[in-house]
Every structure is written in C-alpha cells, then in structure tokens.
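Undergrad: Below is a structure I'd like to ask you about.
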Amino acid sequence: MATTFFLRLIFIQVGFTAVTTTTTYSCLSNATCGCSLNSAVLTKIVGGEQAGTDTWGWIVSLRVNNNHICGGSLISSTIVLSAAHCLTSVKSISTLSVNIGSKYLSVIQQQRSISKVYVHKNYNTSTFVNDIAIMQLSTAINLNDRSVALICLPSTATNNVEYPSVGTSVVAIGWGVLSSDSKTPPNTLQQVTLQTFSSTASNCRKSVNNATVQLCAGVQGGGKDTCQGDSGGPLMMFSNRQWNLIGITSYGTGCALPDYPGVYTRVSYYVDWISCFLTKNTSCIKNTVFKQYIFSSSGLRIFYKDITVFFLCLMILQLRLT
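full-length UniProt numbering applies: residue 1 is where the sequence shown begins, and numbers increase by one.
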C-alpha cells in the first residue's frame, strides 16, 4: 500500500466552485473549550476553502527551524497533541517550536519552544498505528489572547466504541498543500468538511490498518481531503455546540483520490492517558503508553527509560574491564 507520509488538507478541483450550502456553527458563549472568538462558517463546495479569522483558536503550526512541517491542537496552556510521524526525522528538540493564534503562517502570534516530547511507545512507522504524540511547551500559552482557544477532548465514555459514528460530518483544518503535486503550503489556514466512513467499508479497508485506533474520513468520489503538511492537525466534530477533537491527521494514499479517504488517529481511544498530562499526575504519566523521547544530534529517537538501561549496562561493562 503506497502511502503519503506527511499528509493532508484542502485539495481543490478546478472548475467546481459553486457554493451550495453555508453552515454557521454557533458556539456556547460560556464554553471553556471547543469555541473560538468567532463562529466557524463552512460552505459545501468541492475542495476546501480559507478559514475565517479567529475561528480555530487551537490550531498549531509545528515548525522545525521555523519552517512549518505539521499541524497540532492545543488542549491546555502547555500541551499540544500532534502525530508521532511528524517527529521521526527531527534531529534536535531545540529546533522544534509551535506558533498559535494566527491563521497565517507568515504571522508570528504566540511562539513557544518544546521542552518535552512524548510518543506512543507502540507507534509503528510502517502501519502508522498509534500515530500520536504529546508535546509539552516550555512556556504556557497566554489564553487571555482572544485569538487563542482550547479544543475539547472526547468524553472518556466514548473510548471503547467506534466514535464518532459512521456518517458523521467532520471538519479538518491545516496548512497542507492544495494539490498532491505541490510542495509549497498555503500561507492561509484551510478548512474542509468531510464525512466519516465505516472501518469495514471497501474504501477504508484498503487503508486502515487497525480500526480500533484509526478511522477514515473523506467524501464519496474524492475531491476533498487532507494532504502533505496537514499531518498532526485536528479532525473535529461539532457536538453540544462545541468542537471536539476526534482525530489526528495521519496518512493516506495520494490526496483526494476516489476510494482512498484519509486515515486519522482515533483520539477517543487515548483520552484516559492524555488526561494524565492535563492533570499533571506524575505517577499517572509514568504509567501511560506515552514515553518521553530524547532526540540525539544524529536524529535517533531513544526512550528515556532505555537511556537509563544503556548507562547502567555501560557502567557494568566498565567494571568488568577494570
């Protein structure tokens, strides 16, 4: 199965621009998450469209040496969720940063360095199963900035079922390229409305490797999708007048091809473990499936616990040699 590793968002087919329906998503006025300064307005067109100002306050641009590589979602003032595969080629954590609060890549609103990275210990680089990572920011984001907001996580009650249900209308956002043959991301944040498919549907069976932790979304016949540069960004569902993070953009075959919907990490499966980081429960964090990564100058990712074992073995070897 050929897959595109750094994926996904708004693919536009030239010649189809007529607006058929406009939907305004009005949020709760007192919501603590899942609502931005302005209501999101989406039109049902082939392809995607530019996002409005201050409508997606949690979207993060993940950067290496200040160059955008992936998206991410702000879930607390110091925690960002993204995809594990966005970090596999990073040589040093010091090169990583995030920018939040602007829909333009060229505008630096609130920029933060990364102090720690946690990657799922069973992330598979071949199948992209468990393609999820948690980043801890060096300094808290100023949530009093009205252009910034937090996205809601799914309820823990949803972590043992196929969530969201098949046929749910969902929205993906990001700065991914606008066509599969492009290498330059758009400066303006893009948004697109998709639909979730059954993991047993023929188009999903070709792409999904583990339906428990992955879901697929797209449109029948193609034409709407995520694409290179959108990896790590949010797939969202509007529920109870708030936006919920239900997926993390992961991978797919090409962009917007018929019968090849995009594949997303199913966030509901990981909510209990993610909550450990939100509550800053040290013992809970130590027992999660997420393990801290240390990036070496050669680009090798090593589990923190493995480093301890390595030095212990080295000390034993030195004792035997003396």
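Idealized CB from N, CA, C, for every residue including glycine.
Give me the Cβ distance between P258 and S207, rounded to the nearest whole Å; I'm assuming they're in contact under 8 Å.
TA: No, P258 and S207 are not in contact; Cβ-Cβ is about 13 Å, not under 8 Å.
Undergrad: For A172, list the residues DSSP reports as bridge partners.
TA: For A172, which the question treats as bridged, DSSP gives the partners V192, L235.
Undergrad: Provide the residue span of the alpha helix (DSSP H) that contains R63, from first to last.
TA: Element bounds for R63: not the alpha helix (DSSP H) but the beta strand (DSSP E), 59–64.
Undergrad: Helix or strand or just coil, what does DSSP make of F295?
TA: Looking at F295 - three-state DSSP - the assignment turns out to be strand.
Undergrad: Relative to the alpha-carbon of S29, which residue among S39, Y118, T22, I75 has its alpha-carbon at the smallest distance?
TA: Answer by Cα proximity: S39.
Undergrad: Keeping to the same chain, check which residues put their C-beta closer than 6 Å to that of Q109; ignore five residues upstream and five downstream.
TA: G101, S102.
Undergrad: Within this structure, are the beta carbons of L189 and Y264 separated by less than 9 Å?
TA: The answer is no: Cβ separation not under 9 Å.
Undergrad: Helix or strand or just coil, what does DSSP make of C276?
TA: Three-state result, C276: helix.
Undergrad: Determine whether the beta carbon atoms of A133 and S36 lie at a separation below 9 Å.
TA: Cβ atoms of A133 and S36: not closer than 9 Å.
Undergrad: For T288, which residues in the same chain have their Cβ closer than 7 Å to its Cβ, ignoring the five residues on either side in sequence?
TA: Correct list, in chain order: W273, C276.
Undergrad: Got a sec, what are the start and stop residues for the alpha helix (DSSP H) S115 sits in?
TA: That residue, S115, is in no alpha helix (DSSP H); its beta strand (DSSP E) goes 110–120.
Undergrad: By the three-class DSSP mapping on this structure, what secondary structure does T203 have?
TA: Per the sequence shown, residue 203 should be read as Asn rather than Thr. In the structure shown, N203 sits in a helix (DSSP, three-state: H, G or I).
Undergrad: Below 9 Å between beta carbons: does that hold for residue 324 and K121?
TA: This structure does not reach residue 324, given that the chain is present from 1 up to 322, and the question cannot be answered.
Undergrad: Return the residue from the list A211, P185, T184, Q191 that minimises the CA-CA distance to F197.
TA: Of the listed residues, the one whose Cα sits closest to F197 is A211.
Undergrad: Assign G299 to buried or exposed, taking buried as 16 or more other Cβ atoms, counted over all protein chains shown, within 10 Å of its Cβ.
TA: Confidence at G299 is low in this model, with a pLDDT of 44, below 50, so its placement is unreliable and no value can be given for it.
Undergrad: I need the straight-line Cα distance from V117 to N209, nearest angstrom please.
TA: Whole-angstrom Cα-Cα distance: 25 Å.
Undergrad: If you pair each beta-carbon of the region 245–255 with each one of the region 226–237, do three or more pairs fall below 8 Å?
TA: Yes, the region 245–255 is in contact with the region 226–237.
Undergrad: Do you know how far the Cα of M135 is from the Cα of S82?
TA: Going from the Cα of S82 to the Cα of M135 covers about 8 Å.
Undergrad: Thinking C-alpha only, which one of G229, I114, N159, K280 is nearest Y251?
TA: Checked all of G229, I114, N159, K280; the closest Cα to Y251 is G229.
Undergrad: When you compare only the Cα positions, how much space is there between T226 and D145?
TA: Cα to Cα, the separation comes out at about 28 Å.
Undergrad: How far does the alpha helix (DSSP H) with T88 in it reach, from first residue to last?
TA: First-last for T88: undefined, no H or E at that position.
Undergrad: For E49 and T43, which I take to be in contact (beta-carbon distance under 8 Å), what is that distance rounded to the nearest angstrom?
TA: Contact holds; Cβ gap of about 6 Å.
Undergrad: Going by other Cβ atoms of all chains shown within 10 Å of its Cβ, with 16 needed for buried, is K280 buried or exposed?
TA: The residue in question, K280, is exposed, as its Cβ has fewer than 16 Cβ neighbours within 10 Å.
Undergrad: Using CA atoms only, rank isn't needed, just tell me which of P164, G34, C255, I93 is closest to K183.
TA: The shortest Cα separation from K183 among P164, G34, C255, I93 belongs to C255.
Undergrad: Can you tell me where the beta strand (DSSP E) with T265 in it begins and where it stops?
TA: Residues 262–266.
Undergrad: Could you say which of V119, G174, L194, N203 lies nearest to Q292 if we only look at CA atoms?
TA: The residue with the shortest Cα to Cα distance from Q292 is V119.
Undergrad: Pop quiz: V80 and L87 are said to be a contact at Cβ under 8 Å. What is the actual Cβ separation, rounded to whole angstroms?
TA: About 12 Å separates the two Cβ atoms, so there is no contact after all.
Undergrad: Here's the rule I'm using: 16 or more other beta-carbon atoms within 10 Å means buried, otherwise exposed. How should T200 be labelled?
TA: Per the 10 Å Cβ criterion, exposed.
Undergrad: Rounded to whole angstroms, how far is the Cβ of V166 from the Cβ of V192, which I believe are closer than 8 Å?
TA: Going by Cβ atoms, the distance from V166 to V192 rounds to 19 Å, so no, they are not a contact pair.
Undergrad: Within this structure, are the beta carbons of V213 and N130 separated by less than 9 Å?
TA: Yes, these two residues count as a Cβ contact at 9 Å.
Undergrad: Compare the C-alpha of residue 355 against each of F238, S283, G52 and name the closest.
TA: No answer is possible for residue 355: it lies beyond the span of the chain, which begins at 1 and ends at 322.
Undergrad: When the distance is taken between beta carbons, is G72 closer than 9 Å to V64?
TA: Result no, Cβ atoms of V64 and G72 do not sit closer than 9 Å.
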